[in-house]
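Residue numbers (the UniProt record's numbering): 1 to 72.
Structural data, given as structure tokens:
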């Protein structure tokens, strides 16, 4: 009986830890996704920059696209 209770408590602790991690991890992901949807920035378009170009060129292009969507 004690073994079953111990397993259940450990399972509950693990679920609680994973829940905290999901909140910590998914919060910023949700915010960035929502932010990009509001601005009309297509993240797939930004990721193709990094596949086709050098890192610094792709970073410059990404910043340019974000600045355009902000109206700068």
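C-beta atoms are modelled at their ideal positions from N, C-alpha and C, and glycine is treated no differently.
Relative to residue 65, the option among 54, 47, 16 whose CA is nearest is 47. Rounded to whole angstroms, residue 72 and residue 56 show a C-alpha spacing of 21 Å. The three-state reading of DSSP puts residue 53 in coil, since its state is none of H, G, I, E or B.
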